[in-house]
Structure formats: C-alpha cells, structure tokens
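Residue numbers (full-length UniProt numbering): 1 to 333.
Note that beta-carbon positions come from the ideal geometry of N, C-alpha and C, so glycine has one too.
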C-alpha cells in the first residue's frame, strides 16, 4: 500500500503554475506605446525636415559662418558643455539619500545624455539613470522617484529663471509670426502626445508621479541634499546658457548675454513639449526662432544654433555611446 501511496500523493500534489496569460497584453501595450512614440517622433521630424528644406539656403550659410567662427569662444563653449554633466551628476546625487559612487555617477550622466539623443521624450536618458540607480542598490520605485524629483527641480529652476529674467528684458519674449504649417505640425504633435499620455503611458505616469511629493519632502529634510539638488539644477541650466552665449560670441551675434540666456530658457522649455530624441529639430527650431525674433540675422542665428548643437549633442554623441557600452559591459547599468 505504501508503494502506491507515494504516486497517488504525487498525482494529488499541485502542479506548477502555468506562465501567466498577462504577458500577451503586456506585450501588446508595449507595442502600442512604441508605435505612439515613433508616430510622435516622426511627425515632429517631418515638420522639421520640411522647414529645413524650405530654409536650406539659410542653414547652409549658417554652417559656413560657423566654420569661420572664433575658435577661442568655441573652446569656452566646449568647456561649459563639459560642466553640464557634472552639474547633472550633482543634481542626481541630491535627489537620493544614498551616497552614489562619484566617478560612475558622472560617467552615467555622460552616457545618459548620449542615450537621450536616440529615444524621444528623454526615455533613453531616463532608462540609463534608472538602471544606474538600481545597480547602486535603490529599489525601482525609489529610483523612479529620484528621477522625477530631479526632473521637477530642473523644470522649476527654468521657470523661476524665466520669471526673474523676463522683467529685465521687457518685450524680448513675444510670439513671433508663425506659418500655418508650423502651427498644424505643433498641434498634431501635441494631440499625439496627449493621446499617448492618456492611453498606454497613463498607468506608468501615474505610478511614477504618485510618490514625487513625498520624495521632495524627504530631499528637503536634509539641507545638503537640497543644496545639491537645486544647485546642480541651477548650474545645469546656467552652463547650457553659457554654451549658447559663447557660440553667439564666436559667430558675432549682437545680443547681450542676459538676453541670450532668457531666449535659451524660453526656447528649451517650449521644445520640451515636443518629444523628439534629444530635442532634435524641436530645440533647433525653437532656438532659431527665438534668436531671429529678437532681431538677430537669420544666417547668424543658424550658425549659433548649429554651434550649440555641435558642442552639446553631435561631438559628445559617439564618446557618450562608448561610455554607455563600457558601463553595460562592467555591469554598472
């Protein structure tokens, strides 16, 4: 009897659970999310391509003007661009309670900036930073909260700087004349983004933002963390402004530094509403529009925008991707 009891017990034992059937819906949601992201990105890039082709002589003249620009000012702009990653690392350290490894944190910010140029809406940079924080021992929820706190601080700093600088340059920020095609492209991208946030990304956005107020209160419980967060965010915006100021000096664009700073802050804030990879196209168009609307010649404004993007995006792109590969190989991400 005992010889038959074991098989009967084995037959009555619960069988291993089958793989959950929810994986198929999860995959379909992921695919829909990817489709929306690609659709929004393509819509914006097509609009930018149309504008670039329409104004190609100005773009070509701007590239020639950048080729003969003052090399000393361009080197100063490159030095300011290098400082932006240190400022980003300082702000990220301020957003978490745990002490992060300084060298790897700086390398992660450099790699994240390169990854951010490949995916829309900052998804590449966010993924790199999220993975880095989790590798440093932070839970996924706390890591996502730290990224949200850093992004919130950066947005608040930009808006505060605009509010402070705008009264010092009255009349500088005004709505320029925009063609109906550009308005239609912007509205189309905005509608697609709203549908994306209300559809496949809604649950994920809700979870990421739900704990932000508590994380912000935790940051300000420590003066050192709050100083690192806000100081790094302020330095990040200021250094990007310095890059554009240096490039404007290099191409002899006749605008005071204070006005260039205000125009950069306004243009970058507006470009953030269009989720293109690294602001590609949206930031370029917003900067060129802001500079020309302030009275700068179109060709000189194009030279300034091309120089700014060269120092902050195109030159660091391949080294940043190389650092990203090294971090992945060493399992730091």
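Roughly how many angstroms separate the alpha carbons of residue 219 and residue 213, rounded to a whole number?
10 angstroms
Given that a residue counts as buried once 16 or more other Cβ atoms are within 10 Å of its Cβ, and exposed if not, what is residue 93?
buried
So does the stretch 257-271 actually touch the stretch 95-102, counting three or more Cβ pairs closer than 8 angstroms?
no
Helix, strand or coil for residue 315, going by three-state DSSP, please let me know.
helix
Just to confirm the assignment, what range does the alpha helix (DSSP H) spanning residue 248 have?
223-250
Leaving out the 5 sequence neighbours to the left and right, which residues in its chain are closer than 8 angstroms to residue 23 when beta-carbon positions are compared?
Its pLDDT being 45, under 50, residue 23 is placed unreliably in this model, and the value from its coordinates should be taken loosely. There are no such residues.
Should residue 71 go down as buried or exposed, given a rule of 16 or more other Cβ atoms within 10 Å for buried?
exposed
Take residue 116 and list the residues in its own chain whose beta-carbon comes closer than 6 angstroms to its own, dropping the five residues that flank it on each side.
122, 124, 125 and 278
Less than 7 angstroms between C-beta atoms, sequence neighbours within five positions excluded: which residues of the same chain meet that for residue 27?
With a pLDDT of only 49 at residue 27, under the threshold of 50, the placement of this residue in the model should not be trusted, and no figure is reported.
Tell whether a beta-carbon distance below 8 angstroms holds between residue 304 and residue 251.
Yes. Within cutoff.
For residue 66, collect the residues of the same chain with a Cβ closer than 7 angstroms to its Cβ; drop the 5 residues on either side in sequence, then sort them by chain order.
251, 303, 306 and 307
Expressed to the nearest angstrom, what Euclidean distance is found between the alpha-carbon atoms of residue 271 and residue 154?
14 angstroms
Quick check on DSSP: helix, strand or coil for residue 296?
Note: residue 296 maps to coil in three-state DSSP.
Can you tell which of 312, 231, 240 and 256 has the C-alpha that lies nearest to the C-alpha of residue 296?
256
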